[in-house]
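Step one of this worksheet: look at the structure below.
2 protein chains.
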Amino acid sequence: MNLTPSPFAPARFPDLPVVNGVRAATGSRGFYARRGMERDDMFLFVLDEGTACAGVYTVSNTASADVLWCREALEQGAGAARALVVNAGNSNAFTGPKGVLKNEATLKAMTETLGVPKETCFLAATGVIGEPLSDPNYVGMMVPELAGKLAPPDWEAAARAFMTTDTFPKGAGSTLDLDGTPVHFAGIAKGSGMIAPNMATMLSYVFTDAAIEPGLLQALLADITNQTFNSITVDGDTSTSDTLMVFATGASGMAPIRTPEDPRFEALADALHAVCQDLSHLIVKDGEGASKFVTITVKGAVSSQSAKVIASEIANSPLIKTAMAAGDANWGRVVMAVGKSLEPIRMDQLSIWFDDVLVAENGSRAENYSEAAASAVFAQPEFTICVDAGVGDQSHTVWTCDLTHAYVDINGAYRT
Amino acid sequence: MNLTPSPFAPARFPDLPVVNGVRAATGSRGFYARRGMERDDMFLFVLDEGTACAGVYTVSNTASADVLWCREALEQGAGAARALVVNAGNSNAFTGPKGVLKNEATLKAMTETLGVPKETCFLAATGVIGEPLSDPNYVGMMVPELAGKLAPPDWEAAARAFMTTDTFPKGAGSTLDLDGTPVHFAGIAKGSGMIAPNMATMLSYVFTDAAIEPGLLQALLADITNQTFNSITVDGDTSTSDTLMVFATGASGMAPIRTPEDPRFEALADALHAVCQDLSHLIVKDGEGASKFVTITVKGAVSSQSAKVIASEIANSPLIKTAMAAGDANWGRVVMAVGKSLEPIRMDQLSIWFDDVLVAENGSRAENYSEAAASAVFAQPEFTICVDAGVGDQSHTVWTCDLTHAYVDINGAYRT
Numbered sequence: 000m001n002l003t004p005s006p007f008a009p010a011r012f013p014d015l016p017v018v019n020g021v022r023a024a025t026g027s028r029g030f031y032a033r034r035g036m037e038r039d040d041m042f043l044f045v046l047d048e049g050t051a052c053a054g055v056y057t058v059s060n061t062a063s064a065d066v067l068w069c070r071e072a073l074e075q076g077a078g079a080a081r082a083l084v085v086n087a088g089n090s091n092a093f094t095g096p097k098g099v100l101k102n103e104a105t106l107k108a109m110t111e112t113l114g115v116p117k118e119t120c121f122l123a124a125t126g127v128i129g130e131p132l133s134d135p136n137y138v139g140m141m142v143p144e145l146a147g148k149l150a151p152p153d154w155e156a157a158a159r160a161f162m163t164t165d166t167f168p169k170g171a172g173s174t175l176d177l178d179g180t181p182v183h184f185a186g187i188a189k190g191s192g193m194i195a196p197n198m199a200t201m202l203s204y205v206f207t208d209a210a211i212e213p214g215l216l217q218a219l220l221a222d223i224t225n226q227t228f229n230s231i232t233v234d235g236d237t238s239t240s241d242t243l244m245v246f247a248t249g250a251s252g253m254a255p256i257r258t259p260e261d262p263r264f265e266a267l268a269d270a271l272h273a274v275c276q277d278l279s280h281l282i283v284k285d286g287e288g289a290s291k292f293v294t295i296t297v298k299g300a301v302s303s304q305s306a307k308v309i310a311s312e313i314a315n316s317p318l319i320k321t322a323m324a325a326g327d328a329n330w331g332r333v334v335m336a337v338g339k340s341l342e343p344i345r346m347d348q349l350s351i352w353f354d355d356v357l358v359a360e361n362g363s364r365a366e367n368y369s370e371a372a373a374s375a376v377f378a379q380p381e382f383t384i385c386v387d388a389g390v391g392d393q394s395h396t397v398w399t400c401d402l403t404h405a406y407v408d409i410n411g412a413y414r415t
Numbered sequence: 000m001n002l003t004p005s006p007f008a009p010a011r012f013p014d015l016p017v018v019n020g021v022r023a024a025t026g027s028r029g030f031y032a033r034r035g036m037e038r039d040d041m042f043l044f045v046l047d048e049g050t051a052c053a054g055v056y057t058v059s060n061t062a063s064a065d066v067l068w069c070r071e072a073l074e075q076g077a078g079a080a081r082a083l084v085v086n087a088g089n090s091n092a093f094t095g096p097k098g099v100l101k102n103e104a105t106l107k108a109m110t111e112t113l114g115v116p117k118e119t120c121f122l123a124a125t126g127v128i129g130e131p132l133s134d135p136n137y138v139g140m141m142v143p144e145l146a147g148k149l150a151p152p153d154w155e156a157a158a159r160a161f162m163t164t165d166t167f168p169k170g171a172g173s174t175l176d177l178d179g180t181p182v183h184f185a186g187i188a189k190g191s192g193m194i195a196p197n198m199a200t201m202l203s204y205v206f207t208d209a210a211i212e213p214g215l216l217q218a219l220l221a222d223i224t225n226q227t228f229n230s231i232t233v234d235g236d237t238s239t240s241d242t243l244m245v246f247a248t249g250a251s252g253m254a255p256i257r258t259p260e261d262p263r264f265e266a267l268a269d270a271l272h273a274v275c276q277d278l279s280h281l282i283v284k285d286g287e288g289a290s291k292f293v294t295i296t297v298k299g300a301v302s303s304q305s306a307k308v309i310a311s312e313i314a315n316s317p318l319i320k321t322a323m324a325a326g327d328a329n330w331g332r333v334v335m336a337v338g339k340s341l342e343p344i345r346m347d348q349l350s351i352w353f354d355d356v357l358v359a360e361n362g363s364r365a366e367n368y369s370e371a372a373a374s375a376v377f378a379q380p381e382f383t384i385c386v387d388a389g390v391g392d393q394s395h396t397v398w399t400c401d402l403t404h405a406y407v408d409i410n411g412a413y414r415t
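As you go down the protein sequences, you meet chains A and B in turn.
Heads up: the first sequence runs through residues 0 to 415, numbered per numbering that gives the first Met the number 0.
Heads up: the second sequence runs through residues 0 to 415, numbered per numbering that gives the first Met the number 0.
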């Protein structure tokens, strides 16, 4: 299947900094070669001793064997990380005992080749669900070869190596000055469909040479995830493999941050938040078939969770998403989605804006409603839908894309 | 917009019986004439004195003014009904005080023209959400004309008069012998998109000359709705106007049924259930852009409610619905939907069938999995997806359709 690049594809992959303490290699195991595609389809990352990590994973009850292992390792290893192996082309989800055997073989190759403890080794896999691998060592057998060519990461090559229906590689990063110590961030993500995260979304890895205590990093990541990866949607479907991990090598030389009261914590949190936000937006912009990138803000709600539920109903409504695709400013469907959320609202106080165009207020169409002005907003590739629920002062923002013919095509042909 | 008829459109409208005690008339108020369409767009039903009724309505927090009135009337009138006015072309939802004025004017015309109490008069409206009517009496002014041509219902004409994006008129009915008294049922429904009922779906009216106490009829209808109208989905969106009402005129001459212990109650319940099931299936078969009609049964669940949640996740998943459209038997996506439901399951006991083809068992692909056999099922216009959750003995069935290019087209052009 040939995928048309997203109209939001960046002109080129961003320049990401060197993150001290991180080495990587990519390679091809042949998951795509059998479909006639020459491309890398797996990567290995190796992290310096002392690296702290944090992770959030899908809450799906049919989570992949890889996700189940990562949860276990994170607990057993108390947030220590040394290595990461990820493949695209087969998700190792719903593969039963065969899936566990594949993981055991891969972990054995990692511990023996790299000389690191098993509980510091992390895995992920993405691709078709339910196809068992013929040989448990299918992925593990590549580890020695990749270990032999470890180098400072080629971020773009790594980002390309775990793409599935993605039409462009996704990366974001920054450099931060923390009391005179330069600290670096680089992150990569993949994801295009089956995007309605519930804890995290698809696969994303962020690397930094900041030094931070693992428990604090985990708490920070959970908070950031709620505002970023857990606030995007493409199609309302939740992957069995969703994984977001942050690795902090500490190799910048800074003294470790151990409490949120540390004066450097806020700057670090902001930098990590920015990278996660960039990566999560790139996933929506590469949403399967996406031609519009839409920001949905709900304010005036009784709680930010309530605002998030309302915003998500708008962001996931097929009727609104097809209207976005057609550029039809059908604001009545926004009313419908607010109503079906069953969250507290006051209909006679409800207001709706498309960018800065007020289309509805106090429970009916705005007095000066202009179809032309509303349509002009929907004609843009990027715009905002804002709803005031009229019952409180809490808000939340969610990002989504439209539902186009291309989504129907891509998902009818995915396995072929 | 010209709509291609659904491939499931019946060759002709069914022959429905005469229901004693019911008269009707249809007419055109011009909602569609301004779009160049010559068609009836409203109807009036008048019911004999003594008619009992029951109703279920959308639970949306942005319910239409008509729905709010029907709830109030049902309570004030204690289940007595004399008249019903419904229009297509404008939903009177989110129209604020103007929507209430339109209802008051219509009710005034009904009570004055027909000489019946206000609380026995019911209303509904369907069409674009949020467009205020220019004149409060826009609908009411038609009542005298329609009252002048009341006659035993032309069921097909009535079913056509409240269509919106429907591609065929929907009717179902039957005749039942209750201890020697022939009792008649006839029902009509409209609905095609914004179908994910939560209490009822879109607009549907069932008429019978059975005699039954209103409270008993209401309890029966709630139970039937859960199994029929509340178990269908087209797009996961819930209308602001969903209404299902049953009118029992008692004009068959049978002695009234007053308790569920009445030996005739079960036969009547079965007959009403059958009509509601037929009508609800017709709505899915006319789902916007539908080319497949799919039955989703979940068994082995901890409760029938849990089974319903899992079945609904499968039925609403855009990834599964696009795979249905393409005839791609991508069973891994069924695993995904089961997982994201967050309902209790045992992954290592989970089994999936497409019709009678076992595709997954005990948490992985079936030993004798055949892609050809699975694909042959998905190539059919109608088939069943069955999931055993492996944790209990409760089940539920939901009906859905596929997600096609036509859905994207229809909903991009709806208001134009």
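No residue lacks a Cβ here, since even glycine has one placed at the ideal position from N, Cα and C.
All values derive from a computational prediction rather than experimental measurement.
Just to confirm my understanding: we take Thr3(A), look at its own chain, exclude 5 residues before and 5 after, and list those with CB closer than 8 Å. What are they? One-based indexing of the first sequence puts residue 3(A) at position 4. Closer than 8 Å at Cβ, skipping near neighbours: Thr166 and Ala405.
Please classify Ser133(B) as buried or exposed, where buried requires at least 16 neighbouring CB atoms within 10 angstroms. Within the second sequence, residue 133(B) is the residue found at index 134, counting from 1. With fewer than 16 Cβ atoms within 10 Å of its Cβ, Ser133(B) is classed as exposed.
To the nearest angstrom, how far is it from the Cα of Val18(B) to the Cα of Lys284(A)? As a position in the second sequence, residue 18(B) is number 19, starting the count at 1. As a position in the first sequence, residue 284(A) is number 285, starting the count at 1. Spanning the two alpha carbons is a distance of roughly 56 Å.
In this structure, what does DSSP give as the bridge partners for Thr227(A)? Counting from one through the first sequence, the residue named residue 227(A) turns up at place 228. Thr227(A) is not bridged to any residue.
Given Val321(A), which residues of its chain have a CB within under 6 Å of its CB, disregarding the five upstream and five downstream residues? Counting from 1 along the first sequence, the entry for residue 321(A) is found at position 322. Reading off the sequence shown, one finds Thr at residue 321(A), where the question assumed Val. So the qualifying residues of the chain are Leu402.
Residue closest to Phe121(A), alpha-carbon to alpha-carbon, out of Phe44(A), Phe161(A) and Pro343(A): Residue numbering aside, residue 121(A) sits at position 122 when the first sequence is read from its first letter. The candidate whose alpha carbon is nearest that of Phe121(A) is Phe44(A).
Cβ of Gly338(B) less than 8 Å from any chain A Cβ? Start at 1 with the first residue of the second sequence, and residue 338(B) comes out as number 339. With a threshold of 8 Å between beta carbons, Gly338(B) makes contact with chain A.
Quick one: any contact between the region 223-241 of chain B and the region 135-142 of chain B, if contact means 3 or more CB pairs under 8 Å? In short, these stretches do not touch, since the Cβ pair count stays below three.
Buried or exposed for Asp176(B), please, with buried defined as at least 16 other CB atoms from any protein chain shown within 10 angstroms of its CB. In the second sequence, residue 176(B) corresponds to position 177, counting from 1. Answer is exposed; the Cβ neighbour count stays below 16.
Assumed close pair Ser38(B), Asp178(B) - CB separation to whole angstroms, cut-off 8 Å: The sequence position of residue 38(B) within the second sequence is 39, counting from 1. The sequence position of residue 178(B) within the second sequence is 179, counting from 1. Residue 38(B) is actually Arg in this sequence, not Ser. Contact between Arg38(B) and Asp178(B) is ruled out by a C-beta separation of about 42 Å, above the 8 Å threshold.
Give the C-beta separation of Arg332(B) and Ile319(B) to the nearest angstrom, bearing in mind that I take them to be a contact with Cβ-Cβ under 8 Å. For the purposes of this step, residue 332(B) is taken as the residue at position 333 of the second sequence. For the purposes of this step, residue 319(B) is taken as the residue at position 320 of the second sequence. That belief holds up - the Cβ atoms of Arg332(B) and Ile319(B) are roughly 5 Å apart, short of 8 Å.
CB contact check: Ala199(B) to chain A, cutoff 8 Å: Here residue 199(B) is taken as the residue at index 200 of the second sequence, counted from 1. Confidence in Ala199(B) is poor, its pLDDT being 43 and thus under 50, which makes the residue's placement unreliable; the coordinate value appears in the next sentence. Not closer than 8 Å to any Cβ of chain A, the Cβ of Ala199(B) fails to qualify, so no.
Rounded to whole angstroms, what is the Cα-Cα separation between Thr200(A) and Glu212(A)? Residue mapping note: residue 200(A) aligns to position 201 of the first sequence, counting from 1. Residue mapping note: residue 212(A) aligns to position 213 of the first sequence, counting from 1. Reliability fails at Thr200(A), whose pLDDT of 49 lies under 50, so the model's placement of it is uncertain and no value is given.
Residues that Leu393(B) bridges to, as DSSP identifies them: Numbered from its first residue, the second sequence carries residue 393(B) at position 394. Note that residue 393(B) is Gln in the sequence shown here, rather than Leu. As DSSP reads the structure, Gln393(B) sits in a beta bridge with Ala300(B).
Since Ala250(B) and Gly20(B) are thought to touch, with beta carbons under 8 Å apart, how far apart are those beta carbons, to the nearest angstrom? The residue you call residue 250(B) lines up with position 251 of the second sequence. The residue you call residue 20(B) lines up with position 21 of the second sequence. Right, the Cβ-Cβ distance comes to about 3 Å (below 8 Å), so this counts as a contact.
Give a yes or no on whether the minimum CB-CB distance between Val376(A) and chain B is below 8 Å. Locating residue 376(A) in the first sequence gives position 377, counting from the first residue. It does not: the Cβ of Val376(A) has no partner Cβ on chain B nearer than 8 Å.
Starting from the Cα of Ala156(B), find the closest Cα among Gly26(B), Leu215(B), Met36(B) and Gly129(B) and give me that residue. Here the question's residue 156(B) lines up with position 157 in the second sequence. Closest option to Ala156(B), Cα to Cα, is Gly26(B).
One question on the structure: do Ala310(B) and Val297(B) come within less than 8 Å of each other, judged by their Cβ atoms? Translated into positions along the second sequence, residue 310(B) becomes position 311. Translated into positions along the second sequence, residue 297(B) becomes position 298. Yes. Within cutoff.
Asp354(A) by DSSP, collapsed to three states: which one? As a first step, residue 354(A) is located in the first sequence; it is residue number 355 there, counting from the start. Looking at Asp354(A) - three-state DSSP - the assignment turns out to be coil, as it is neither helix nor strand.
What does Tyr31(A) touch in chain E if you count any residue whose Cβ is under 7 Å from its own? Although the question refers to chain E, the structure presented lacks it and instead comprises the protein chains A and B.
If contact means a Cβ-Cβ distance below 9 Å, which residues of the region 377-409 of chain B contact chain A? Going along the region 377-409 of chain B in chain order, one finds Leu402, Thr403, His404, Tyr406, Val407, Asp408 and Ile409 with a Cβ nearer than 9 Å to chain A.
Beta-carbon neighbours of Val66(B), restricted to chain A and to distances below 8 Å: In the second sequence, counting from the first residue as 1, residue 66(B) sits at position 67. The premise fails here: Val66(B) is roughly 10 Å from chain A at the closest Cβ pair, so nothing lies under 8 Å.
Measure the Cβ-Cβ separation of Ala412(A) and Leu281(A) and say whether it is below 8 Å. Here the question's residue 412(A) lines up with position 413 in the first sequence. Here the question's residue 281(A) lines up with position 282 in the first sequence. Going by C-beta atoms, Ala412(A) is not nearer than 8 Å to Leu281(A).
What number of angstroms, rounded off, separates the C-alpha of Ala439(A) from the C-alpha of Ser90(A)? The requested residue 439(A) does not occur in the structure, where chain A is confined to residues 0 to 415.
Starting from Glu48(A), follow the beta strand (DSSP E) in both directions and report where the run begins and ends. Taking the first residue of the first sequence as 1, we reach residue 48(A) at position 49. Segment: none, Glu48(A) is in no beta strand (DSSP E) and carries neither H nor E.
Where does Tyr406(A) fall in DSSP's three states? Taking the first residue of the first sequence as position 1, residue 406(A) is located at position 407. Of the three classes helix, strand and coil, the one that applies to Tyr406(A) here is helix, per DSSP.
Please name the residue, chosen from Trp154(B), Val205(B) and Val84(B), that lies closest to Ser279(B) on a Cα-to-Cα basis. The sequence position of residue 279(B) within the second sequence is 280, counting from 1. Of the listed residues, the one whose Cα sits closest to Ser279(B) is Val205(B).
Distance check for Asp354(B) and Val58(A), CA to CA, integer angstroms please. Here residue 58(A) refers to the residue found at position 59 of the first sequence. Here residue 354(B) refers to the residue found at position 355 of the second sequence. Taking the straight line from one Cα to the other gives about 29 Å.
For Ile313(A) and Leu149(B), the rounded distance between their alpha carbons: Within the second sequence, residue 149(B) is the residue found at index 150, counting from 1. Within the first sequence, residue 313(A) is the residue found at index 314, counting from 1. Roughly 43 Å between the two C-alpha positions.
How many angstroms separate the CA atom of Thr232(B) from the CA atom of Thr294(B)? Here residue 232(B) corresponds to residue number 233 of the second sequence, with the count starting at 1. Here residue 294(B) corresponds to residue number 295 of the second sequence, with the count starting at 1. Computed Cα separation, rounded: 11 Å.
Hey, is Leu318(B)'s beta-carbon within less than 8 Å of any beta-carbon in chain A? In the second sequence, the residue the question calls residue 318(B) occupies position 319. Closer than 8 Å: yes.
Find the nearest neighbour of Pro13(B) within the set Thr110(B), Cys52(B) and Phe184(B), judged by alpha-carbon distance. Taking the first residue of the second sequence as 1, we reach residue 13(B) at position 14. Ranking the options by Cα distance to Pro13(B), first place goes to Phe184(B).
Does any residue of chain B bring its CB to less than 8 Å from the CB of Ile128(A)? Here residue 128(A) is taken as the residue at index 129 of the first sequence, counted from 1. So, interface residue.
Proximity below 8 Å, CB of Gly129(A) to CB of Phe93(A): Here residue 129(A) refers to the residue found at position 130 when the first sequence is read from its first residue. Here residue 93(A) refers to the residue found at position 94 when the first sequence is read from its first residue. Between Gly129(A) and Phe93(A), the C-beta gap is smaller than 8 Å, which places the two residues in contact.
Going by beta carbon distance, what residues of the same chain come within less than 8 Å of Cys439(A), once the five residues before and after it are set aside? Chain A is shown from 0 up to 415; residue 439(A) falls before or after that span and cannot be answered.
Compare the beta carbon distance of Asp236(A) and Lys339(B) with 8 Å and say whether it is the shorter of the two. Taking the first sequence and counting its residues from 1, the one referred to as residue 236(A) is at position 237. Taking the second sequence and counting its residues from 1, the one referred to as residue 339(B) is at position 340. Between Asp236(A) and Lys339(B), the C-beta spacing is below 8 Å.
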